[in-house]
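> Can you read through this structure? Questions will come right after.
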Amino acid sequence: MLSEEPVKSSVLGIIDAIRRWKRIDFSAVFTEKLSMPEFTVLNGIERIKGDSGTVFVSDIAHLFSISAQAVSKYLKICESRGFVIRETDKTDRRNTKLFLTDEGRRVLMVCERELVEFMSSVFDEFDKAEVDRLMSFADDVYDMTVKKLENEN
36 MLSEEPVKSS VLGIIDAIRR WKRIDFSAVF TEKLSMPEFT VLNGIERIKG DSGTVFVSDI
96 AHLFSISAQA VSKYLKICES RGFVIRETDK TDRRNTKLFL TDEGRRVLMV CERELVEFMS
156 SVFDEFDKAE VDRLMSFADD VYDMTVKKLE NEN
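If you want the working numbering, it's the position in the sequence shown, counting the first as 1, plus 35.
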């Protein structure tokens, strides 16, 4: 194990890097007027829908570890823009089903393509081995953090 001061410095440096990364406004690369939270909600609906096609507000909240109230805030915006349809679940009126409209799907596809193109241009500055190491390391740190947090509780 590293001595105490380098460990503290490394840990704080990693936390700061994560904080800076989260503050990047990737929506600046979108030609569509879509905020990152709106993009995240649309992307979450598309990712979760699977074979059943059923997505609930609670699914999005769980996927991104945010409150149902925060999801609802951005859903309201997406709904007013014609990207999402909300429907009360007939079997349990406490649940709200979410569906992307054709326009929501179109906007999501455009923004996903633009985000991938932009990030590809960033990663093109590095060789493939560096990018692979970064992804592997980030996954390992995430998995270990989750495991240790679960053991704490």
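Every residue gets a Cβ at the ideal spot worked out from N, C-alpha and C, and that includes glycine.
Report the option in Ile53, Val76, Asp51, Ile50 whose CA atom is closest to the CA atom of Glu147.
As a working note, residue 147 is residue 112 in the sequence shown. When only C-alpha atoms are compared, the closest one is Val76.
> Shortest alpha-carbon distance to Phe153 belongs to which of Ser62, Ala52, Val42?
Start at 1 with the first residue of the sequence shown, and residue 153 comes out as number 118. Of the candidates Ser62, Ala52, Val42, the one whose C-alpha sits nearest the C-alpha of Phe153 is Ser62.
> For Gly88, count the other beta carbons within 10 Å of its own beta carbon; 16 or more makes it buried, fewer makes it exposed. Which is it?
Your numbering for residue 88 matches position 53 in the sequence shown. Counting Cβ neighbours within 10 Å, Gly88 comes out exposed, since fewer than 16 surround it.
> Using the C-alpha atoms, what's the distance from Ala103 back to Val119?
In the sequence shown, counting from the first residue as 1, residue 119 sits at position 84. In the sequence shown, counting from the first residue as 1, residue 103 sits at position 68. Rounded to the nearest angstrom, the two C-alpha atoms are 16 angstroms apart.
> Report yes if the CB atom of Val90 is closer than 7 angstroms to the CB atom of Leu143, and no otherwise.
Translated into the one-based positions of the sequence shown, residue 90 becomes position 55. Translated into the one-based positions of the sequence shown, residue 143 becomes position 108. For Val90 and Leu143, no; Cβs fall outside 7 angstroms.
> So, helix, strand or coil for Arg121, using DSSP?
The residue you call residue 121 lines up with position 86 of the sequence shown. Arg121: strand per DSSP, three-state reduction.
> For the beta strand (DSSP E) holding Phe99, just list the boundary residues, first then last.
Counted from its first residue, the sequence shown places residue 99 at position 64. It is not in any beta strand (DSSP E) - Phe99 instead sits in the alpha helix (DSSP H) that spans 92-99.
> DSSP three-state label for Leu110, please.
Working through the sequence shown from its first residue, we reach residue 110 at position 75. Correct three-state label for Leu110: helix.
> Alpha carbon to alpha carbon, what distance is there between Ile59 and Leu169?
On the sequence shown, position 134 is the one that residue 169 refers to. On the sequence shown, position 24 is the one that residue 59 refers to. Rounded to whole angstroms, Leu169 to Ile59 spans 18 angstroms at the Cα level.
> What is the DSSP secondary structure of Phe134, counted as helix, strand or coil?
Position 99 of the sequence shown, counting from 1, holds the residue named residue 134. In the structure shown, Phe134 sits in a strand (DSSP, three-state: E or B).
> If you follow the alpha helix (DSSP H) that Ala164 is part of, which residue opens it and which one closes it?
In the sequence shown, residue 164 corresponds to position 129, counting from 1. Unbroken alpha helix (DSSP H) run through Ala164: 163-187.
> What number of angstroms, rounded off, separates the C-alpha of Val92 from the C-alpha of Ala164?
Counting from one through the sequence shown, the residue named residue 92 turns up at place 57. Counting from one through the sequence shown, the residue named residue 164 turns up at place 129. Going from the Cα of Val92 to the Cα of Ala164 covers about 38 angstroms.
> How would you call Gly79, buried or exposed, if buried means at least 16 neighbouring beta carbons within 10 angstroms?
Taking the sequence shown and counting its residues from 1, the one referred to as residue 79 is at position 44. Burial call: buried.
> Which whole-angstrom value is the C-beta distance of Val151 and Thr66, which I expect to be below 8 angstroms?
On the sequence shown, position 116 is the one that residue 151 refers to. On the sequence shown, position 31 is the one that residue 66 refers to. In fact, because the Cβ distance is near 14 angstroms, the residues do not count as touching under 8 angstroms.
> For Ala96, which option in Arg116, Lys125, Asn130, Leu69 has the closest C-alpha, if you only look at C-alpha atoms?
Along the sequence shown, read from residue 1 onward, the residue named residue 96 stands at position 61. Of Arg116, Lys125, Asn130, Leu69, the residue nearest in Cα terms is Asn130.
> Looking at C-alpha atoms only, which residue of Pro41, Tyr109, Ile49 is the closest neighbour of Val180?
Residue numbering aside, residue 180 sits at position 145 when the sequence shown is read from its first letter. The sequence given here places Thr at residue 180; Val does not occur at that position. Checking every option, the nearest Cα to that of Thr180 belongs to Ile49.
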